[in-house]
Amino acid sequence: MRVALIGTLTFLSLLLAANPAPAHHAFGSEFNVNKPVTLRGVVTVMEWVNPHSWIHIDVKGSDGTVASWMVEGGSPNALLRLGFTKNALLPGMEIVVEGFQAKDATNKAVGRMLMFADGRRLFLSETATEPK
Amino acid sequence: MRQKWLGPLAILVALPSMAPAQTWKTPRTPDGRPELQGVWTNASITPMERPAELGAKEVFTDEEAAENRKRALVPQSVAQRGGTEAHYEFTQFGLDRTQFQIAFSQRTSMIVGPDGRVPPLTPEAQKRNADRAASLRGHEFDGPENRGIQERCLVWGSEGPPMLPPGYNSYLQIVQTPAYVMILQEMIHDARIIPLDGRPHVPQNVRRWLGDSRGRWEGDTLVVDTTNFTEKTNFRGSRENLHVVERFTRVDENTIRYEFTVDDPTTWTRPWSAELPLAKDKGPIFEYACHEANYGMANNLKGARAVEKEQK
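These protein sequence lines map, in sequence, to chains E and S.
With my numbering, the residue at position 16 of the first sequence is 52, and numbering never jumps.
With my numbering, the residue at position 227 of the second sequence is 230, and numbering never jumps.
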């Protein structure tokens, strides 16, 4: 038991030591962790740019007005390796984004979790290659 | 579907030493050198410095290593991670270590030797680092020039040399000719073109982001000597005076042993060395066109301006 615990601790400390945060930039100065947002919108553009992909969506408010948002996602290279292609997320598709708004309070957010309207998660194997 | 077979693949590729050694012969280029060409990954779960509780233990037992591998292949929830990662669902973006091949090592730390730690900084380096930090304090977000060269998409922090795992997209490609070796790292797209003809380093007044590399063969090991870094590059506090010697040895079909020794008498009290494997990867390597003035840079500076406004 004790041996197992020490093993676990050692492993956790290895993981912590071995894994620098793979974010490209100073997250805390770009996005506000105290401003979580949930957005439901229609895709207008997906920008395949490194270091981060950006998905543009139009979000309709309760009063009918439409606001355009930009959502930061992961590195296109890693998405490509998941099998995600340019045809997997097309203009007109509805998605739901859970994330955090930009510190400058403009309509930008980092996407912590992205889903299709039916709840399937974007980018993962079952949704990576083509829309259903 | 794709994810489901990546896990078992990682295990298979990670255990090359199980192949009987006597049947494997070093593959060679037409001019008789060991073949180092191909796409390789240095993704790792081995820390640079040894966790203190492991003391002088340099290598895990087979059982401990197997247990570590098993645990590494279980996706981690964001709750288990700290810092920046908690803001991303890693598996969603293909950033979780279960989603790519890891070059497993039985070592407890990349740094070799009984203590497995970076040696102490010289008093000169401590003062230099403190002065630099003091002059930047309070001005970190004044403008793009005050941000790190990684954030500016100039040179990745792990790019080196010495080359270390960047955390994601951890791939590099090696191309050989009789006269040159080229090493392209996906993060962030720079190629080192290394002459093998014995020419001297460029003059002292010529400084390069990745330094000036010269290669030679010592038996079946490629040795690369690099100097002439800039004062803007930063390897653990060592800048323009960094001297790196890397050694590439093909040890089996799927593995290159990558060793390096770094030396800078203006920074460390002694030279130090580390070792990590490069594991053969099916590739391909992708372009990573990280560009200066990307959205992240502008957003960071705008965020800082917004915070300043609030504080007034």
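Glycine included, C-beta positions come from ideal geometry on N, C-alpha and C.
This one's a predicted model, so the numbers in the text were calculated from it and none came from an experiment.
Item                                                                                                                                     : Value
Interface flag, proline 58 of chain E vs chain S, CB-CB below 8 angstroms                                                                : Caution is warranted here: a pLDDT of 48 is assigned to proline 58 of chain E, below 50, making its placement in the model unreliable, and no coordinate value can be reported.
Under 7 angstroms from the C-beta of asparagine 86 of chain E: neighbouring residues of chain S                                          : Tyr291, Ala292 and Cys293
Proximity test, Cβ basis, 8 angstroms: glutamate 130 of chain E and chain S                                                              : no
Contact list for lysine 235 of chain S against chain E, beta-carbon separation under 8 angstroms                                         : Simply none; closest approach about 18 angstroms.
Proximity test, Cβ basis, 8 angstroms: phenylalanine 96 of chain S and chain E                                                           : yes
Sheet register partners of glycine 135 of chain E (DSSP bridge)                                                                          : E/Val73 and E/Gly147
Proline 72 of chain E to lysine 96 of chain E span [Cα, whole Å]                                                                         : 18 angstroms
Leucine 304 of chain S - DSSP class collapsed to helix/strand/coil                                                                       : helix
Partners in chain S for glycine 110 of chain E, counting only beta-carbon separations shorter than 9 angstroms                           : Tyr91, Phe93, Gln95, Phe96, Gly97, Leu98 and Tyr171
Within-8 angstroms CB hit, glycine 299 of chain S to chain E                                                                             : yes
Contact belief for leucine 126 of chain E with valine 79 of chain E at Cβ below 8 angstroms, rounded distance in angstroms               : 7 angstroms
CB of serine 89 of chain E within 8 angstroms of CB of leucine 115 of chain E, strictly                                                  : yes
Chain S within 8 angstroms of leucine 125 of chain E, Cβ atoms only                                                                      : no
Contact between the region 122 to 129 of chain S and the region 272 to 291 of chain S (3+ Cβ pairs under 8 angstroms)                    : yes
Same chain, Cβ closer than 8 angstroms to valine 102 of chain E, five either side skipped, listed in chain order                         : Asp94, Val95 and Lys96
Alanine 128 of chain S: first and last residue of the uninterrupted beta strand (DSSP E) it sits in                                      : Taken as a continuous stretch (DSSP letters only), alanine 128 of chain S belongs to no beta strand (DSSP E), being part of the alpha helix (DSSP H) at 126 to 139.
Touching by the beta-carbon criterion (3+ pairs, under 8 angstroms), the region 31 to 49 of chain S and the region 230 to 239 of chain S : no
Arginine 37 of chain S classed as buried or exposed, judged by whether at least 16 other C-beta atoms fall within 10 angstroms           : Position check: residue 37 of chain S holds proline in this sequence, whereas arginine was assumed. Burial call: buried.
Classification of aspartate 145 of chain S by the beta-carbon crowding that lies within 10 angstroms, buried from 16 upward              : exposed
Backbone secondary structure at valine 310 of chain S - three-state DSSP                                                                 : helix
Beta-carbon spacing of phenylalanine 96 of chain S, glycine 109 of chain E below 8 angstroms                                             : yes
Partners in chain E for lysine 285 of chain S, counting only beta-carbon separations shorter than 8 angstroms                            : Those do not exist, as lysine 285 of chain S stays about 10 angstroms from chain E at its closest Cβ, beyond 8 angstroms.
Inter-residue spacing [alpha-carbon to alpha-carbon] between proline 117 of chain S and arginine 131 of chain S                          : 28 angstroms
Stretch-stretch touch, CB-based, cutoff 8 angstroms, three pairs: the region 285 to 304 of chain S with the region 169 to 178 of chain S : yes
Test: alanine 114 of chain E CB closer than 8 angstroms to a CB of chain S                                                               : yes
Cβ neighbour criterion (16 or more within 10 Å) applied to asparagine 70 of chain E                                                      : exposed
is_contact[lysine 139 of chain E, chain S] using C-beta, thresh 8 angstroms                                                              : yes
Burial state of serine 108 of chain S (16 or more Cβ within 10 Å)                                                                        : buried
Beta carbon of asparagine 172 of chain S nearer than 8 angstroms to that of asparagine 68 of chain E                                     : no
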